[in-house]
Structure formats: C-alpha cells, structure tokens
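The C-terminal residue of the sequence shown carries number 316 in this note's numbering, and the numbering is unbroken.
Note that beta-carbon positions come from the ideal geometry of N, C-alpha and C, so glycine has one too.
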Amino acid sequence: MEIGVSTACFYPELLTEETIEVISGMGFEKIEVFLETASEYEPDYCEKLNEIVKKEGLEVYSVHSFAAQHEPFLFDKYRPRREDAHKLFSKVVKGAGILGAKHITFHGPGRKWLGNEDVAVKEIARTMDGLAAEAGEYGVSLAWENVYWCLSHSPELMEKIMGMITSANINFTLDLKQANRSGVDIERYLEVMGNRLVNVHINDYSLGNMCLLPGKGGVDYRALFDILEKTGYKGPYIIEVYRNNFFEYDEVSEARDFLLSLSK
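And the structure:
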C-alpha cells in the first residue's frame, strides 16, 4: 500500500513550493500538488516547482487546480466565459505535464446548469471528451472526483455522462469526505468508477466533523481496503485534509503510519 499526501493539507500556512521540503522531511514519497491560484499554473512556476520536487526526491502523482476558479465554467453557456476558463485549463494540463503527473484531479461541472437535462448531459460528455484529449497531449488523464458541490455528487448523473463518453482518458478520484457529505455510500460510487479509479483521497470524519485526519473519526479502513482490493484498485491513497484538521505537522505522518499499520 502506498500512502501519499496533498500539498493542500498545508494551505494557506505554506506556499505550495514551501510544502515540498516539509513533505519530504516527513518521509512521504508520492504527492498530489495542489496549484492554489492562476499564477501557479504558469509554466515558469511549474518548472521551478519541479526542480524543488526533484531535489527532494518526490514523485508528483497528480495535480489539483483551484477548480472553483474555472472548471465549472468550462461547461458554461456563455462562450467568452467558457473560453476564458479553457485558457486556465490549458495552463493546468501543461503544468501537470511539466511536473510529471499522471492525472489531474478534476471536479467538472457544478450542480446547476441551464437547459434540458438530456441535452446538458450530451454537452457535458462532449466537452469532457475534448478536455481529456487535450490532457492526453501532456501525458495526463482527467481523474473526475466525486464532489459534494458538483454534479459529481450524484453517481446517477456521473453514470449517464460516462455512458456518452468516448474517451479512454477519463478516470476517477474517490474522496471519502465528499462521499460522506453527499450522503452516498462509497460502494455506489465504485459501481460507476469501476476499473477507472486511479486515485483515492483518504481522510476521516465523524458526527459534527466533516473532515479529519485518518484515524481520528469513524471510518472503518480495514473494510474500505477490502472493498477497494476487490475492485482491483492498485493506486495510492493520498491524505487530503484541511490545515485546521491538525495542530502539528507530525500528525500527518502519524496518520500515514496508522494507515500502513492496517495493511500489515
């Protein structure tokens, strides 16, 4: 079992480039880089960040952008807004390629869209096929994540869209806390994700706490690992929590060690 961590865990206390040395010092090897703002999508920034990543001996498995800034608008009805969003997306996929990432964690469209649902589903599928093709030019896939505030909160809608997708370059990220917020069993998401699952955002939660470090809430990880093993999942588990979910950085590495102890 491979446990990685997202740079987002240290936002906003550390700048993205500052997280790399901290994460390396904690003994992690695989990371998800969360590019927190548009200036971090620029090639110059990503090249400098990649130098730091290589110096610290880390592997960037996936890249996550500040999705709320542009991803929902990739599906907007207003062409200029859609085009502006696409310019940012293009920078993100290029940056992911520079960093050597395999996947982009992708939120996709928000919950609300205009027009007939069947028409919208076709438009979304067509747009995602195009985005996946562009990402593929940089050697990365779209890893569509289940997210509470996005259309992907609904496995039924995801299923409809995937039924119209033609690209083989669209995969999935499963996020535990987002599934809990959406009130959907993980098994239901896995029915949709199947063998396209490439990333798991691992975290914990309890009554009154929507996000905690692994081991601090009520998630049955042994059962989770059994379920995912049966699906054939071989990818990493990326710890993704918020900075206010822990006091000391050591707690993050302790969460990793806790998860690894369950796999023995």
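Any chain B beta carbon closer than 8 Å to residue i
i, result
"lysine 212", "Among the protein chains of the structure shown there is no chain B, as only one such chain exists."
Cβ neighbour criterion (16 or more within 10 Å) applied to residue i
i, result
"leucine 228", "buried"
"methionine 53", "exposed"
"glycine 162", "buried"
"lysine 286", "exposed"
"arginine 308", "buried"
"glutamate 281", "exposed"
"valine 85", "buried"
"leucine 264", "buried"
"serine 193", "buried"
"leucine 110", "buried"
"asparagine 247", "exposed"
"valine 250", "buried"
"lysine 143", "buried"
"glycine 56", "buried"
"glutamate 211", "exposed"
"proline 207", "buried"
"glutamate 169", "exposed"
"glutamate 197", "buried"
"phenylalanine 299", "exposed"
Cut-off 8 Å between Cβ atoms - residues of its own chain near residue i, not counting five sequence neighbours on either side
i, result
"glutamate 108", "Ile72, Glu73, Ile75, Ser76"
"glutamate 239", "Ile279"
"phenylalanine 125", "Arg133, Arg134, Asp136, Ala137"
"methionine 35", "Any question about residue 35 goes unanswered here, given that the chain covers just 53 to 316."
"phenylalanine 310", "Pro266, Gly267"
"leucine 151", "Val85, Cys98, Leu101, Asn102, Val105, Val112, Val115"
"lysine 174", "Met216"
"proline 95", "Lys143, Lys146, Gly147, Ile150"
"leucine 226", "Glu197, Asn198, Ile238, Tyr241, Leu242, Met245, Leu249, Asn251, Val252, His253"
Neighbourhood of residue i by C-beta distance below 6 Å, restricted to the same chain and skipping five residues each side
i, result
"glycine 269", "Asp256, Tyr257, Ser258"
"aspartate 237", "none"
"glutamate 243", "none"
"glycine 147", "Tyr93, Cys98"
"valine 199", "His159, Gln230"
Contacting residues, own chain, Cβ-Cβ under 7 Å from residue i (five flanking each side not counted)
i, result
"glycine 188", "Asn221"
"phenylalanine 141", "His122, Leu126, Leu183"
"arginine 131", "none"
Candidates the options: closest to residue i by CA position
i, options, result
"histidine 116", "Leu209, Glu169, Phe224, Met214", "Phe224"
"proline 288", "Phe277, His138, Met214, Glu300", "Phe277"
"threonine 283", "Ser219, Met245, Asp170, Val112", "Met245"
"serine 204", "Gly160, Ser219, Ile217", "Gly160"
"alanine 60", "Phe118, Glu103, Phe80, Ser91", "Phe118"
"glutamate 88", "Lys154, Ala120, Phe127", "Ala120"
"lysine 154", "Ser58, Val271, Lys139, Tyr190", "Tyr190"
"serine 58", "Glu197, Asp302, Tyr113", "Tyr113"
"leucine 67", "Arg274, Arg295, Val145", "Arg295"
"lysine 164", "Glu69, Trp201, Phe62", "Trp201"
"arginine 274", "Glu306, Ser313, Val144", "Ser313"
"aspartate 272", "Tyr241, Ser315, Glu300, Asp302", "Ser315"
"valine 252", "Ile213, Val293, Lys139, Ala172", "Val293"
"leucine 209", "Glu306, Ala172, Glu70", "Ala172"
"serine 219", "Ile254, Phe80, Arg178", "Arg178"
"isoleucine 83", "Met180, Glu69, Ala90", "Glu69"
Supposed close pair residue i, residue j - CB separation, criterion 8 Å
i, j, result
"alanine 195", "threonine 157", "5 Å"
"isoleucine 290", "valine 304", "Going by Cβ atoms, the distance from isoleucine 290 to valine 304 rounds to 12 Å, so no, they are not a contact pair."
"methionine 78", "tyrosine 301", "7 Å"
Fully enclosed by the region 131-187, which beta strand (DSSP E) runs are 3 residues long or longer?
-> 155-158
In the region 88-122, which residue ranges form an unbroken beta strand (DSSP E) of at least 3 residues, counting only runs that do not cross its ends?
-> 111-117
Only counting runs of 4 or more residues, tell me where the alpha helix (DSSP H) segments fall wholly within the region 205-277, in order along the chain.
-> 207-214, 228-234, 238-245
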